[in-house]
Structures are given as C-alpha cells and as structure tokens.
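Enquirer:
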Amino acid sequence: MSIQKTIPMKRVIGTQILVTSEVCMVSDETYTTEGESVVITKELDEIEIILNHNNTDHVIVKALTNTKIKPIEGLIDEEFNEINIEKGACVELYYAFGAWYIVSSDGLKQS
Numbered sequence: 008m009s010i011q012k013t014i015p016m017k018r019v020i021g022t023q024i025l026v027t028s029e030v031c032m033v034s035d036e037t038y039t040t041e042g043e044s045v046v047i048t049k050e051l052d053e054i055e056i057i058l059n060h061n062n063t064d065h066v067i068v069k070a071l072t073n074t075k076i077k078p079i080e081g082l083i084d085e086e087f088n089e090i091n092i093e094k095g096a097c098v099e100l101y102y103a104f105g106a107w108y109i110v111s112s113d114g115l116k117q118s
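Each residue of the sequence shown is one higher than the last, beginning at 8 in the working numbering.
1. With E2 as the anchor, note down where its beta strand (DSSP E) starts and where it stops.
2. Could you spell out where the beta strand (DSSP E) holding H65 opens and where it closes?
3. Can you tell me where the beta strand (DSSP E) with S28 in it begins and where it stops?
4. Report the rounded CA-to-CA distance for Q23 versus A103, giving the unit in angstroms.
5. Please name the residue in P78, N88, F87 and N73 whose C-alpha comes closest to that of V33.
6. State yes or no: is the C-beta of E55 within less than 8 Å of the C-beta of K69?
7. Here's the rule I'm using: 16 or more other beta-carbon atoms within 10 Å means buried, otherwise exposed. How should N91 be labelled?
8. Does the beta-carbon distance from T27 to I57 come in below 8 Å?
9. Which residue comes first and which comes last in the beta strand (DSSP E) that contains L58?
10. Please list the terminal residues of the continuous beta strand (DSSP E) segment that includes N73.
11. When burial is assigned at 16 or more other CB atoms within 10 Å of the CB, is K17 buried or exposed?
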C-alpha cells in the first residue's frame, strides 16, 4: 500500500494557497483528497476516495480498481452520499454551492 505524488505545486482554493501535487497515485484502502487535480487508484480490490472540499474544488478520479467516492460532507449531484466506479472508469467532479457535481464521467454504476 502506498501513495505516490508528483512534484509539489502551489494551487489556490478559495482564499487558501495550498502546496499539493498535480497527480496522486493511491494504493491505500482510503485516501482523502489534498488539492490534487488527478487521483489514480490501483492495486487493491476496492479503494475509497474521500472528497475534501476544504482543500479540493476540482478533481478527476481515474480508477484502475473498483473505487468508491464520497464527500466528507454533503452530497454528490445533490442526490448521492457516494458513487462507485469500476476498474477502467473515470469521473470528473467540481465542488460548488455546498455540493459536489459530476461534470464528466464514464463507467458509473448505480449508487
């Protein structure tokens, strides 16, 4: 199990300036976003990604394994507590107005 990150970069989220990475590769059972643009999941049977709106307002999740995505609070598309994507799928989410919104996806299962 591991978390690999690309070279650090500065990113502005709201009024905060964060030092984060562009891409994060996750092989842990659970990972909470830290401002990355892309999170790639791999190696385990299932990985849970927790969307942290305090430091992330836009993220693309690429699943190389089954992946559960849920926010630390609020809903996804004002309806779902969590979504599940299968191996090979990808979803792009934005945080706005107190909720996460799916703006692009493939391979979503009924949550």
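Don't be surprised by glycine CBs; every beta carbon is placed ideally from N, CA and C. Nothing here was measured: the structure is a model prediction, and the numbers come from that model.
Expert: Per the coordinate set shown:
1. One cannot answer for residue 2 here, as it falls past the ends of the chain, which runs 8 to 118.
2. In the sequence shown, counting from the first residue as 1, residue 65 sits at position 58. From DSSP, the beta strand (DSSP E) with H65 extends over H65 to A70.
3. Translated into positions along the sequence shown, residue 28 becomes position 21. Looking at the DSSP string, the run of the beta strand (DSSP E) that includes S28 is Q23 to S28.
4. To locate residue 23, count along the sequence shown from 1; it is residue 16. To locate residue 103, count along the sequence shown from 1; it is residue 96. The straight-line gap from Cα to Cα measures roughly 16 Å.
5. Along the sequence shown, read from residue 1 onward, the residue named residue 33 stands at position 26. Residue N73 is the option with its Cα nearest to V33.
6. Along the sequence shown, read from residue 1 onward, the residue named residue 55 stands at position 48. Along the sequence shown, read from residue 1 onward, the residue named residue 69 stands at position 62. Result no, Cβ atoms of E55 and K69 do not sit closer than 8 Å.
7. The residue labelled residue 91 in the question sits at position 84 within the sequence shown. Burial call: buried.
8. Residue mapping note: residue 27 aligns to position 20 of the sequence shown, counting from 1. Residue mapping note: residue 57 aligns to position 50 of the sequence shown, counting from 1. No, the pair does not count as a contact, with Cβ atoms beyond the cut-off.
9. Position 51 of the sequence shown, counting from 1, holds the residue named residue 58. Per DSSP, L58 belongs to the beta strand (DSSP E) from E53 to L58.
10. To locate residue 73, count along the sequence shown from 1; it is residue 66. N73 to P78 is the span of the beta strand (DSSP E), which, as asked, contains N73.
11. Walking along the sequence shown from the start, residue 17 turns up at place 10. Burial call: exposed.
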